[in-house]
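Numbering (the numbering used here), first residue to last: 33 to 341. Ideal Cβ placement from N, Cα and C applies to all residues, glycine included. Below: one structure, written as structure tokens.
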């Protein structure tokens, strides 16, 4: 496969996953600001920062849902905004049209202009419907790939991008919850704390799966264990890195060589296998997520270096 094609497929997977993840971030923010105690807390700033957007207004300028819609949904200059992600995903898909199935192209192309002429007022009014539409579109594209794409190196690069992005957003969600939203220790374990942790579950469509395993025990330790170390939940950190390892192993067998990215992936997978949630909290959840985010960036860079993009 041409390195340019591999790069387009990898970033197509990343942008599609990022669009959905940003929609989930916005949904999490909307749940968090429903709490009466949120009136005195700048929840939207924390949610926007979780997306990687750090160049915000001064800390004394409280951000609103309208600001979040402008920055996370509509801002073409923000590479994590949904509009920018869908535009970039389509550009990458168009460049490799023949590498996609017909169903993939239709899922990517259908309604992609919907956000072009949407202004802030309209987006705020129709926000739940728009977020649902984003999740349906991205799910349709992944479903089309799963059911129609040859299991060749193109599929591996596409899914590598998606899982790398999924791991990244899971780490950001956990970090914004534990470190940014709750610096005041006296509220840990209280009603606001409980609501915010369950908001993280809902943002990942994880509430029912979590309840199946843990019942009504919504302690931070068990929720973190589920979202970080559970091998069966498809949005957990361990699951994402497990799939990254599998796709990299397939590429290694296909091309007959292994690279630094394979070693990094195996190192992360081994670390997650060895760590318990108690050790993670003892180390510090913020420190753990920041270290993993740095490793994720390193892994992505090494994948590009190994396959020349």
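Put residue 48 into one of helix, strand or coil per three-state DSSP.
Here residue 48 refers to the residue found at position 16 of the chain shown. Three-state result, residue 48: helix.
Please give the ranges of any alpha helix (DSSP H) in the region 256–328, keeping only runs that are unbroken, at least 4 residues long and fully inside the region.
269–287, 292–306, 309–315
Rounded to whole angstroms, what is the Cα-Cα separation between residue 229 and residue 112?
The residue given as residue 229 occupies position 197 in the chain shown. The residue given as residue 112 occupies position 80 in the chain shown. The alpha-carbon atoms of residue 229 and residue 112 are separated by roughly 23 Å.
What do you reckon, are the CB atoms on residue 271 and residue 42 nearer than 9 Å?
Within the chain shown, the letter at position 239 stands for residue 271. Within the chain shown, the letter at position 10 stands for residue 42. Contact flag unset, no.
Within a Cβ cutoff of 6 Å, which residues of the same chain sit near residue 262, ignoring the five residues on either side of it in sequence?
Walking along the chain shown from the start, residue 262 turns up at place 230. Correct list, in chain order: 268.
Between which two residues does the alpha helix (DSSP H) carrying residue 121 extend?
One-based indexing of the chain shown puts residue 121 at position 89. Its alpha helix (DSSP H) spans residues 114–127.
My output table needs one value for residue 189: the three-state DSSP class, helix, strand or coil.
For the purposes of this step, residue 189 is identified with residue 157 of the chain shown, where counting begins at 1. In this structure, residue 189 counts as helix in the three-state DSSP scheme.
Would you give the residue range spanned by the alpha helix (DSSP H) that residue 100 belongs to?
Locating residue 100 in the chain shown gives position 68, where the first residue counts as 1. Residues 97–100.
Could you check what DSSP says for residue 111 in three-state terms: helix, strand or coil?
For this step, residue 111 is matched to residue 79 along the chain shown. Correct three-state label for residue 111: coil.
In the DSSP assignment, find the alpha helix (DSSP H) that holds residue 164 and state where it starts and stops.
As a first step, residue 164 must be located in the chain shown, where it is residue number 132. Start and end: 159–180.
With distances taken Cα to Cα, identify the nearest neighbour of residue 96 among 77, 116, 301.
Here residue 96 is taken as the residue at index 64 of the chain shown, counted from 1. Checked all of 77, 116, 301; the closest Cα to residue 96 is 77.
Please tell me whether residue 56 and residue 201 are closer than 9 Å, where the distance is taken between their beta carbons.
Taking the first residue of the chain shown as position 1, residue 56 is located at position 24. Taking the first residue of the chain shown as position 1, residue 201 is located at position 169. Yes, the pair counts as a contact, with Cβ atoms nearer than the cut-off.
Excluding the 5 residues flanking residue 124 on each side, which residues of the same chain have their C-beta closer than 6 Å to its C-beta?
Working through the chain shown from its first residue, we reach residue 124 at position 92. Cβ neighbours of residue 124 beyond the five flanking positions: 40, 43, 44.
With a CB to CB cut of under 6 Å and the five nearest residues on each side skipped, what residues in its chain are close to residue 147?
On the chain shown, position 115 is the one that residue 147 refers to. Result list for residue 147: 115, in chain order.
Would residue 155 pass as a contact of residue 140 if the rule is Cβ separation under 9 Å?
Position 123 of the chain shown holds residue 155. Position 108 of the chain shown holds residue 140. Against a cut-off of 9 Å, the Cβ pair of residue 140 and residue 155 comes out as no contact.
What did DSSP end up calling residue 246 once you bin it into helix, strand or coil?
One-based indexing of the chain shown puts residue 246 at position 214. Reduced to three states, the DSSP call for residue 246 is helix.
Output the distance between the C-alpha atoms of residue 137 and residue 308, rounded to the nearest integer angstrom.
Along the chain shown, read from residue 1 onward, the residue named residue 137 stands at position 105. Along the chain shown, read from residue 1 onward, the residue named residue 308 stands at position 276. Looking at the two C-alpha atoms, the distance is approximately 42 Å.
In angstroms, rounded to a whole number, what distance separates the CA positions of residue 317 and residue 207?
Within the chain shown, residue 317 is the residue found at index 285, counting from 1. Within the chain shown, residue 207 is the residue found at index 175, counting from 1. Spanning the two alpha carbons is a distance of roughly 7 Å.
Taking just the CA atoms, how far does residue 287 sit from residue 170?
For the purposes of this step, residue 170 is taken as the residue at position 138 of the chain shown. For the purposes of this step, residue 287 is taken as the residue at position 255 of the chain shown. Each residue's Cα considered, the two are about 30 Å apart.
Which class does residue 144 belong to by DSSP, given the choice of helix, strand or coil?
Taking the chain shown and counting its residues from 1, the one referred to as residue 144 is at position 112. Collapsing the DSSP output to three states places residue 144 in coil.
Between the C-alpha atoms of residue 37 and residue 186, what's the straight-line distance to the nearest angstrom?
As a position in the chain shown, residue 37 is number 5, starting the count at 1. As a position in the chain shown, residue 186 is number 154, starting the count at 1. Looking at the two C-alpha atoms, the distance is approximately 8 Å.
Comparing alpha-carbon positions, which option in 242, 297, 65 lies nearest residue 98?
The residue you call residue 98 lines up with position 66 of the chain shown. Residue 98 has its Cα closest to that of 65, out of 242, 297, 65.
Nearest-angstrom Cα distance between residue 358 and residue 325?
This structure does not reach residue 358, given that the chain is present from 33 up to 341, and the question cannot be answered.
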